[in-house]
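In what follows, a structure is listed as C-alpha cells, so that the remarks can point back to it.
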Amino acid sequence: MRRLWSRVVVLSLTVLVFSTCPLTAALPVYVTFWFDTEDFILSEADDAAMRLAEMFAARGVQATFKIVGEKARVLEERGRDDVIAALAKNDIAYHSTDHSVHPTPSEYCRDLTWHEGVSEFTRREGPGLRTLRKVFGVNASCYGQPGGSWTPQSYAALRAFDIPLYLDETSHVNVNDRPFWYCGMLNILRLGDAVIRTGWTDEEVKQACEKFDRVHKKLLGEGGGIISIYYHPCEFVHREFWDGVNFARGANPPRSQWKRPPVKSPQEQEQAFGAFEAFLDHIVRHPDTRLVTAREIPSLYPDRVYSRPLTRRDVQMIAEAFGKELSYVDLGGKIASAAEGLLALAETVAKADSSSATDEISLEFACGPASATQRFVTEGTYSPTAIREASQELLDIVHQNTQMPSVVWVAGKPVRPEDFAVTLAHVVASGGLSGDVPLRRGELAAKKHVADDSARLWGWVIFPEGFRAPHMMEVAKLQAWTIKPAVLRRP
Ligand SMILES: [Zn+2]
C-alpha cells in the first residue's frame with residue numbers, strides 16, 4: 000500500500016515536472032558524449048566499451064560509440080555478442096575501416112584531386128562501414144576521422160554514405176568554436192571551451208564538474224548550445240594507446256607482429272571508471288541539460304536556407320554583404336554560405352525580366368569547386384545578355400553536378416567564381432542589369448576558416464615524420480564556399 004502511494008506521488012511529481020518543462024526547455028544546453036571505439040588489439044578494451052555502454056543505459060541515457068570497422072569485425076569474431084548488445088543500446092557511429100593502419104585518410108588523399116579523393120575514401124572506408132551496418136543493423140549516425148587524419152574529400156563520400164554529421168575534435172576547419180556547415184554536412188569539429196573532459200583523480204573530476212558548470216552558464220547566456228565530451232573505451236584500461244605502440248611515425252608492421260599495449264592495474268581501472276561515472280552523474284543531474292546522441296543532433300540544427308525559399312530582401316542583403324566581404328551571410332535566423340549566396344544572385348540575374356521571374360528563390364546545394372582555374376581574365380566589360388547567360392549556365396552546371404564549376408564562362412572568357420560573385424553582387428545591389436557590366440575582383444574571405452598547411456596541423460603521432468599536405472589543404476579551402484555557422488533550433 001505504501002509502495003502504491005509512493006508511486007502516486009512519483010507520478011504526480013512527474014506530471015508536475017513535465018508540465019513545467021516548456022519553461023526550462025526554452026534554453027537547453029545539449030551535451031553529447033562520444034567514444035572512439037577503435038582498439039581492435041587489446042581484448043580488455045571490449046569489456047571497457049561494454050561497461051561504458053551499460054553505464055549510460057543504466058541511467059536511461061545514451062552515448063554515441065564511433066566504431067572502427069575492424070573493431071566491429073573482431074567483436075563478432077571473438078563472440079562478444081554481449082558487447083555488441085550493450086553498444087546497440089546506445090547510438091552507433093563510424094570511425095573508419097582500419098583507423099591507424101597505414102595509409103590513413105590524410106595519407107592516401109594527400110596528393111589526390113577532389114574527385115580522386117572522394118573515390119578513394121569511398122573505396123577504402125566503405126568496407127568498414129558495411130561491416131558496421133551488418134553487425135549493428137543500422138547506418139552510422141556520424142563519422143569522425145582517425146586521430147588527426149582529416150580530409151576534405153571525405154565529406155562528399157560521407158554524404159553518399161547517407162551520414163549527415165561529422166563529429167570529432169580537430170583544427171582543420173573551424174567557425175568560431177561552434178557547430179558549422181561545411182560541404183553540406185553539419186560539423187561538430189571544434190568547440191573550444193565547450194569540449195570538456197575529466198582526468199582520473201578526484202581533484203580532476205571536481206575541476207571538470209566546475210568547468211562544466213561555467214561553460215553551461217555561458218552557453219545559456221548564448222541562448223543554448225552544445226557541449227562535446229569524448230573518450231576512448233581503451234583509455235580506461237590501457238597505459239598507452241594501441242596504435243602508438245604499433246603504428247607510430249608511419250610504422251606499419253604486419254598483423255602477426257602487432258603488440259598488445261600495456262594495461263592499467265585493476266585498481267587504476269576502477270579509479271578511471273569511477274571518476275568518469277562521477278562526472279557523468281554530475282551532468283545527468285544538472286538542470287537545463289539534455290544529453291543527445293549524434294543521431295539527434297542534425298534535427299537540432301536545421302538548415303533553414305533550404306526549408307523555405309529566399310526572398311528578394313534576402314538576396315538584396317547577400318548582394319550588399321558580398322560588396323564588403325565574400326563569405327557567409329547572416330539573414331536573421333538563417334545563414335547563407337558564399338556558394339548559396341552566389342547561386343541566389345545568379346538565379347535573380349538569370350530570371351530577371353523573364354516570364355519565370357519570381358519573388359522567391361529556392362536553392363540547390365552545391366559543393367565548392369573541385370579545383371582552382373589557372374587561366375582566367377581579370378578585367379573586361381560584358382553585356383547584360385552575356386551576364387544573364389553566364390548566370391544561367393552556372394545554375395545548369397550546379398543542377399547537373401551538385402558542385403560549383405571552377406570557372407564561369409562569360410562571353411567565352413574564363414572568369415573565376417569569386418570575381419563573378421562580386422560582379423553579380425554589384426549588379427543586384429545597384430538595381431539589376433541596366434547596361435554593360437565591368438568585371439570586378441573578389442577573394443573568398445571564408446577561406447580563413449580553413450587552416451593553412453603547417454607541421455602543427457599534422458601533429459598526430461601516427462603520421463610519418465614530417466608529414467605535410469599543402470595541396471590537400473588548398474582543395475579544402477575551395478570548399479570554404481560552403482562554410483557557415485549552424486543555427487540552433489529555437490523551441
Ligand atoms: Zn580514433
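Taking numbering that gives the first Met the number 0, the leading residue of the sequence shown gets 0, the next gets one more, and so forth. We treat Cβ as the ideally placed atom computed from N, Cα and C, and that holds for glycine. Please read all numbers here as calculations on a predicted model, not as lab measurements.
Starting from the Cα of residue i, find the closest Cα among the options and give me that residue.
| i | options | result |
| --- | --- | --- |
| arginine 415 | Gln391, Arg440, Asp435 and Asn400 | Arg440 |
| alanine 349 | Ile282, Ser99 and Leu423 | Leu423 |
| glutamate 234 | Leu188, Ala44 and Glu339 | Ala44 |
| proline 151 | Thr112, Gly379 and Asn138 | Thr112 |
| proline 514 | Glu417, Glu388 and Arg387 | Nothing in the structure corresponds to residue 514, since the chain is present only between 0 and 490. |
| tryptophan 241 | Ser105, Lys258 and Asn251 | Lys258 |
| valine 236 | Gly411, Trp199, Arg248 and Glu124 | Trp199 |
| histidine 398 | Pro126, Val436 and Glu363 | Glu363 |
| glutamate 69 | Arg79, Ile83, Asp97 and Arg77 | Asp97 |
| lysine 65 | Asp358, His94 and Asn89 | His94 |
| lysine 205 | Asp280, Leu190, Ala410 and Ala193 | Asp280 |
| valine 409 | Tyr381, Asp435 and Ser429 | Tyr381 |
| isoleucine 360 | Pro308, Arg77 and Arg123 | Pro308 |
| threonine 288 | Arg467, Asp176, Gly191 and Leu218 | Leu218 |
| arginine 311 | Tyr327, Glu276 and Ala351 | Ala351 |
| serine 264 | Gly273, Thr197 and Arg238 | Arg238 |
| aspartate 110 | Ala475, Gln266 and Gly331 | Ala475 |
| leucine 190 | Asp201, Val174 and Ser99 | Val174 |
| lysine 216 | Glu276, Asp201, Val328 and Pro286 | Pro286 |
| alanine 274 | Gly332, Phe462, Met54 and Thr36 | Met54 |
| methionine 403 | Thr384, Pro437, Arg374 and Leu341 | Leu341 |
Assuming the contact rule is C-beta atoms closer than 8 Å, residue i and residue j should be a hit. Round their C-beta distance to whole Å, please.
| i | j | result |
| --- | --- | --- |
| threonine 292 | glutamine 61 | 5 Å |
| proline 413 | valine 376 | 6 Å |
| threonine 63 | serine 140 | 7 Å |
| tyrosine 300 | leucine 487 | 6 Å |
| serine 336 | tryptophan 180 | 7 Å |
| valine 172 | histidine 448 | 6 Å |
| alanine 92 | alanine 52 | About 13 Å separates the two Cβ atoms, so there is no contact after all. |
| glutamate 339 | valine 314 | At roughly 11 Å, the Cβ-Cβ gap does not stay under 8 Å, so glutamate 339 and valine 314 are not in contact. |
| phenylalanine 278 | alanine 343 | The Cβ separation is near 45 Å, so there is no contact. |
| serine 326 | alanine 444 | 4 Å |
| threonine 103 | serine 148 | 4 Å |
| alanine 450 | leucine 185 | At roughly 19 Å, the Cβ-Cβ gap does not stay under 8 Å, so alanine 450 and leucine 185 are not in contact. |
What does a CB cutoff of less than 8 Å around residue i pick up in its chain, not counting 5 residues either side in sequence?
| i | result |
| --- | --- |
| aspartate 81 | Met49 |
| isoleucine 187 | Thr31, Leu164, Tyr165, Leu166, Asp167, Pro178, Ile225, Ser227 and Ile296 |
| leucine 75 | The question names leucine, but residue 75 is glutamate in the sequence shown. Excluding positions up to five away in sequence, the list reads Ile83 and Val134. |
| alanine 56 | Ala85, Lys88 and Asn89 |
| serine 18 | In this predicted model, serine 18 has a pLDDT of only 35, less than 50, meaning its place in the structure is not dependable enough to derive any value. |
Residues bridged to residue i by DSSP?
| i | result |
| --- | --- |
| phenylalanine 64 | Phe34 and Ile91 |
| leucine 309 | Ile360 |
| histidine 237 | Val262 |
| threonine 130 | Answer is none; threonine 130 lacks a bridge partner. |
| glycine 224 | Val28 |
| tyrosine 165 | Tyr142 and Asn186 |
| isoleucine 334 | Asp329 |
| leucine 290 | Val30 |
| tyrosine 229 | Trp33 |
| cysteine 366 | Gln402 |
| threonine 380 | Pro437 |
| tryptophan 459 | Partner(s): none; tryptophan 459 has no beta bridge. |
| tyrosine 181 | Met184 |
Can you list, in chain order, the residues of its chain with a C-beta nearer than 6 Å to that of residue i? Leave out the 5 residues immediately preceding and following it.
| i | result |
| --- | --- |
| alanine 454 | none |
| cysteine 182 | Tyr154, Cys366, Gln478 and Thr481 |
| glutamine 391 | Ala349 |
| methionine 472 | Asp452 |
| alanine 156 | Val117, Phe120 and Thr121 |
| proline 469 | Asp452 |
| arginine 79 | Asp45 |
| leucine 290 | Val30 and Val60 |
Tell me which residues share the same chain as residue i and place their Cβ nearer than 7 Å to its Cβ, disregarding the 5 neighbours each side in the sequence.
| i | result |
| --- | --- |
| phenylalanine 562 | Shown here, the chain extends from 0 to 490; a query on residue 562 therefore has no answer. |
| arginine 58 | Val283 |
| histidine 425 | Gly322 and Arg439 |
| cysteine 20 | Residue placement at cysteine 20 cannot be trusted, given a pLDDT of 40 that sits under 50; what the coordinates show is reported in the next sentence. Closer than 7 Å at the Cβ level, and outside the excluded window around cysteine 20, lies no residue. |
| histidine 101 | Phe246, Gly249 and Asn251 |
| serine 433 | none |
| aspartate 491 | With the chain running from 0 to 490 in the structure shown, residue 491 is simply not present. |
| valine 495 | The displayed coordinates of the chain run from 0 to 490. Any statement about residue 495 would go beyond what the structure contains. |
| arginine 387 | Val348, Ala349 and Leu432 |
| valine 214 | Asp192, Ala193, Ile195 and Ile226 |
| alanine 318 | Leu344, Ala424, Val427 and Ala428 |
| aspartate 435 | Thr380, Tyr381 and Ser382 |
| cysteine 569 | Any property of residue 569 remains undetermined from this structure, which presents the chain solely from 0 to 490. |
| serine 405 | Pro368, Ala369, Ser370, Ala371 and Thr372 |
| phenylalanine 39 | Val67, Glu69, Lys70 and Val73 |
Compute the minimum distance between the beta carbon of residue i and the heavy atoms of ligand 2, and state whether it is under 7 Å.
| i | result |
| --- | --- |
| serine 453 | Absence of ligand 2 from the depicted structure is noted, with ligand 1 being the only ligands included. |
Comparing the C-beta of residue i with each C-beta of chain C, is any distance below 8 Å?
| i | result |
| --- | --- |
| valine 60 | Absence of chain C from the displayed structure is noted, only one protein chain being present. |
- [ ] Measuring from each Cβ to the nearest heavy atom of ligand 1, keep the ones under 6 Å and list them in chain order.
- [x] Output, sorted by chain position: Asp35, Glu37, His94, His98, Pro145 and Gly146.
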